[in-house]
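Scroll down for the structure; my scribbles are underneath it.
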Amino acid sequence: MLTQAKKDFIEFMLGADVLRFGEFKTKSGRLSPYFVNTGNYRTGSQIAALGKFYAACVKETCGTDFTALFGPAYKGIPLVTTTAGALSTTYGIDKPYFFNRKEVKDHGEGGSLVGYQPKDGDNIVIIEDVITSGASVRESVPILKSAADVQLTDMFISVNRCEVGKEGVKTAVMEVKEEFGITVHSIVTVQDLREYLAEKGTDAALLASMDKYMEQYCRF
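This is how it looks when you write it as structure tokens:
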């Protein structure tokens with residue numbers, strides 16, 4: 001269902017030039033009618049607004065039933081930081097956050113994690129931008145599990161493309177659920193994007209392109 005909150009987020013992405021429509025070649029070689037580039041967020045007001053969208057999604061899904069927020073390097077670092085800030089200032093939910101270094105620090109305090117240090121029994125929520133192949137999750141889980149015996153049940157992303165992998169059977173979101181027991185929640189999905197375009201009376205050619213792409217590559 002395309003709620004007002006989802007419409008607001010789609011328009012926010014469009015305004016930040018993060019969401020584009022046209023023809024784009026993805027890493028998998030597919031020609032996609034839309035493209036999401038979260039690297040285009042570049043101002044203080046944008047990252048603050050983005051944090052509020054994530055925080056609303058986390059609060060609605062998890063409430064306060066988690067210990068800390070984790071953001072995988074690199075794009076997850078500003079996302080987890082702004083989400084933690086928005087949870088505190090908007091909802092009064094003051095939770096710790098942390099992220100990893102790509103390279104382990106061998107001096108000073110050392111280690112690969114910066115910020116909160118997880119403990120056995122913690123329930124950690126992962127904050128990411130998008131999920132394509134699930135590679136980031138597969139890198140993050142060993143890092144978190146080696147730090148402590150933590151629970152990993154929920155992950156939040158901006159957009160769920162709902163695309164199958166090269167085998168054409170399961171989406172990355174499905175695989176992450178099966179392999180790690182992590183449920184991936186997105187602020188919007190490709191279905192929401194399609195519904196938004198239709199509601200706005202978008203050019204029929206683009207809608208047809210979306211329909212063809214979703215039929216070929218997406219699973220819901």
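Numbering of the sequence shown is given in full-length UniProt numbering, commencing with residue 1 and proceeding in unit increments. Ideal Cβ placement from N, Cα and C applies to all residues, glycine included. Small disclaimer: the values here were computed from a predicted structure and weren't measured.
| query | result |
| --- | --- |
| Cβ separation of Val173 and Ile131, assumed to be a contact under 8 Å, to the nearest whole Å | 6 Å |
| Proximal residues to Ala48 (C-beta, below 7 Å), its chain only, five neighbours per side dropped | Thr82 |
| Runs of alpha helix (DSSP H) wholly within the UniProt domain "Phosphoribosyltransferase" (40 to 146) (minimum 4 residues, chain order) | 44 to 62, 76 to 91 |
| Among Gly51, Val159, Ser186, nearest to Val80 - alpha-carbon criterion | Gly51 |
| Run of the beta strand (DSSP E) containing Arg161, from where it starts to where it stops | Unbroken run through Arg161: none, as it is neither H nor E. |
| Limits of the unbroken alpha helix (DSSP H) element including Lys177 | 172 to 180 |
| Segment contact, 8 Å Cβ cut-off, at least three pairs: the segment 96 to 103 with the segment 153 to 173 | no |
| Rounded Cβ spacing between Phe24 and Phe35 (contact assumed at less than 8 Å) | 4 Å |
| Three-state secondary structure (DSSP) of Ala5 | helix |
| As assigned by DSSP and simplified to three states, the class of Lys212 | helix |
| Contact check, Lys119 vs Ala73, beta carbons under 8 Å | no |
| contact_flag[the segment 39 to 46, the segment 61 to 70] where n(CB pairs < 8 Å) is 3 or more | no |
| Residue(s) in a DSSP beta bridge with Ile157 | Ser186 |
| C-alpha gap between Gly121 and Asp65, whole angstroms | 13 Å |
| Rounded Cβ spacing between Ile187 and Ser158 (contact assumed at less than 8 Å) | 6 Å |
| Glu128 and Gly201 closer than 8 Å at C-beta | no |
| Three-way DSSP call (helix, strand, coil) for Phe220 in this model | coil |
| Outcome for Met13 when other beta-carbon atoms lying within 10 angstroms are tallied against a minimum of 16 | buried |
| Distance, Tyr217 Cα to Phe156 Cα | 22 Å |
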